[in-house]
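*Asks:* In the working numbering, the protein residues as written are 36 to 201. Take this structure, written in structure tokens, and hold onto it; I'll ask about it next.
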């Protein structure tokens with residue numbers, strides 16, 4: 036496949052009322068992490084993990100939203116995960132993002148009409164009409180850890196909020 040980014044966008048964009056460019060911006064974490072995320076380091080090989088200066092334990096995420104995120108507690112564990120991602124030969128999994136593991140996680144389903152605070156800023160910045168935004172609590176300070184631009188609608192309240200947008 037020549038352009039895996041286009042393939043991902045082509046698969047997701049028709050399932051959402053979000054604009055395609057907004058979906059793409061949300062999927063690429065390096066677009067919004069510098070402004071809304073916690074301190075982070077980008078690594079592209081198992082050797083570069085040794086140089087990470089982010090406080091442990093870590094949350095190891097892919098630069099593109101792929102659902103492969105998980106906590107690691109040691110450099111050896113992080114090296115193993117990064118090595119496995121490279122072995123997968125998925126070009127979208129080659130870059131990993133290391134962030135400190137938050138104390139708590141909270142996910143919020145929001146629309147441009149219902150969002151407030153940090154979540155509203157994220158939706159506006161990315162041009163999203165709705166999303167599920169995952170926030171991490173770092174000692175009372177909230178940072179964005181994930182933005183799902185095509186979340187499943189699981190409750191009547193979420194369906195109603197989406198219906199009000201259309």
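Backbone N, C-alpha and C fix where the C-beta goes; we use that ideal spot for every residue, glycine too.
Just reading off the alpha helix (DSSP H) that residue 151 is part of, what are its end residues?
*Replies:* What you label residue 151 is simply residue 116 of the chain shown in a count that begins at 1. Per DSSP, residue 151 lies in no alpha helix (DSSP H) and is assigned neither H nor E.
*Asks:* On the three-state DSSP scale, how would you describe residue 197?
*Replies:* Taking the first residue of the chain shown as 1, we reach residue 197 at position 162. It is helical.
*Asks:* What do you reckon, are the CB atoms on residue 95 and residue 116 nearer than 8 Å?
*Replies:* Taking the first residue of the chain shown as 1, we reach residue 95 at position 60. Taking the first residue of the chain shown as 1, we reach residue 116 at position 81. Result yes, Cβ atoms of residue 95 and residue 116 sit closer than 8 Å.
*Asks:* Taking residue 77 and residue 98 to be in contact with their CB atoms under 8 Å, please state how far apart those CB atoms are, rounded to whole angstroms.
*Replies:* Walking along the chain shown from the start, residue 77 turns up at place 42. Walking along the chain shown from the start, residue 98 turns up at place 63. Residue 77 to residue 98, Cβ: 7 Å. Contact.
*Asks:* Find the nearest neighbour of residue 100 within the set 198, 172, 63, 145, judged by alpha-carbon distance.
*Replies:* Position 65 of the chain shown holds residue 100. Ranking the options by Cα distance to residue 100, first place goes to 63.
*Asks:* What first and last residue would you give for the beta strand (DSSP E) that runs through residue 94?
*Replies:* The count along the chain shown starts at 1 and reaches residue 94 at position 59. Boundaries of the beta strand (DSSP E) around residue 94: 93-97.
*Asks:* Cα separation between residue 189 and residue 197?
*Replies:* For this step, residue 189 is matched to residue 154 along the chain shown. For this step, residue 197 is matched to residue 162 along the chain shown. About 12 Å.
*Asks:* Looking at the secondary structure, which residues open and close the beta strand (DSSP E) in which residue 135 lies?
*Replies:* Locating residue 135 in the chain shown gives position 100, where the first residue counts as 1. Its beta strand (DSSP E) spans residues 131-135.
*Asks:* Counting contacts by CB-CB distance shorter than 8 Å, is residue 196 in contact with chain B?
*Replies:* In summary, chain B is missing from the structure at hand, where a single protein chain is found.
*Asks:* Please tell me whether residue 164 and residue 52 are closer than 8 Å, where the distance is taken between their beta carbons.
*Replies:* Your numbering for residue 164 matches position 129 in the chain shown. Your numbering for residue 52 matches position 17 in the chain shown. Yes, the pair counts as a contact, with Cβ atoms nearer than the cut-off.
*Asks:* Could you check whether the region 107-114 touches the region 156-173, counting it as contact only if at least three pairs of C-beta atoms, one from each stretch, sit closer than 8 Å?
*Replies:* Not touching, per the Cβ criterion.
*Asks:* Drop a sphere of 10 angstroms on the beta-carbon of residue 184, count the other beta-carbons inside from all chains shown, and report buried for 16 or more, exposed for fewer.
*Replies:* On the chain shown, residue 184 is found 149 positions in, with the first residue counted as 1. Burial call: buried.
*Asks:* Which partner residues of residue 112 appear in the DSSP bridge assignment?
*Replies:* Mapped onto the chain shown, residue 112 falls at position 77. Residue 112 pairs with nothing; no bridge assigned.
*Asks:* Pick from 108, 91, 138: whose alpha carbon is nearest that of residue 173?
*Replies:* In the chain shown, the residue the question calls residue 173 occupies position 138. Of the candidates 108, 91, 138, the one whose C-alpha sits nearest the C-alpha of residue 173 is 138.
*Asks:* Please identify the residue among 160, 135, 148, 72 whose C-alpha is closest to the C-alpha of residue 60.
*Replies:* Numbered from its first residue, the chain shown carries residue 60 at position 25. For the residues 160, 135, 148, 72, the minimum Cα distance to residue 60 belongs to 160.
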